[in-house]
Structure formats: C-alpha cells, structure tokens
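Colleague: Residue numbers (this note's numbering): 4 to 110.
Yeah, the Cβ is synthetic: ideal placement off N, Cα and C, and Gly gets one too.
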C-alpha cells in the first residue's frame, strides 16, 4: 500500500510541477525533502528534473536560506553536473547578489 501511495503522490507532484503551480519556496523545500528522504523514498528523485526547471527560472525569488537548501540537496543527492550546470550558473548569480543575506550556517 505504501508503494501505491507514494506513486500516487509522485504523479500528483509531477502534475503540479509541470503545471507551474509551485513557487520558488515550495520548490526549495521539495529539494530539501527529497534529499532528506532519499533513502526511504528514492522514487521522489523522479521530481528532480521538473524542480531544476523551476529553480532555473525562479532563482531570483529564492531567499538565501532557499539557495542554501537547494545547494545542500544537490550535493546530498550527488546530482551530475550535466543535469545541474545550467541551474547552478543562475544560482551563483543569486549567491553573489544576496551574499550579505547569508548567515554563517548558510555558507
């Protein structure tokens, strides 16, 4: 039953992500959740391509905390650079622009 429920959840999340009904904050939180749950819910990784697209186009909406969470998730999930490079370039710009907003723990 748990597998069916998770599959249903992933399908619904994909629909929402593809319909662009998720804001930058929710996207960053989803990245964090996927990385945190990577061992017990690996099927959540299916959401990463759509999340990367949202982050790529909404990077300016991310707070310093959200940028830190996305980067932590990317490192934790060991995403390949070919998948992440276009998004990373945009995040790097945001990091420079918001450098003063980062706390010690976010760096």
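1) Where residue 9 and residue 44 are concerned, what is the direct C-alpha to C-alpha distance, given to the nearest angstrom?
2) Can you tell me where the alpha helix (DSSP H) holding residue 62 begins and where it ends?
3) If we count the other Cβ atoms within 10 Å of its Cβ and call it buried at 16 or more, is residue 60 buried or exposed?
4) By the three-class DSSP mapping on this structure, what secondary structure does residue 93 have?
5) Could you tell me the alpha carbon to alpha carbon distance between residue 98 and residue 70, rounded to whole angstroms?
6) Taking only the alpha-carbon atoms, compute the straight-line gap between residue 80 and residue 64 and give it to the nearest angstrom.
7) Rank 47, 78, 28 by C-alpha distance to the C-alpha of residue 13 and give the top, closest one.
8) Alpha carbon to alpha carbon, how far is residue 7 from residue 100? Give it in angstroms, no decimals.
9) Please state whether DSSP places residue 37 in a helix, a strand or coil.
Modeller: On the basis of the data shown:
1) Cα to Cα, the separation comes out at about 8 Å.
2) It is not in any alpha helix (DSSP H) - residue 62 carries neither H nor E in the DSSP assignment.
3) Label assigned to residue 60: exposed.
4) Residue state, collapsed to three classes: helix.
5) The straight-line gap from Cα to Cα measures roughly 8 Å.
6) So the alpha carbons of these two residues sit roughly 23 Å apart.
7) Ranking 47, 78, 28 by Cα distance to residue 13 puts 47 first.
8) Distance between the alpha carbons of residue 100 and residue 7: 43 Å.
9) Annotated three-state conformation of residue 37 is helix, per DSSP.
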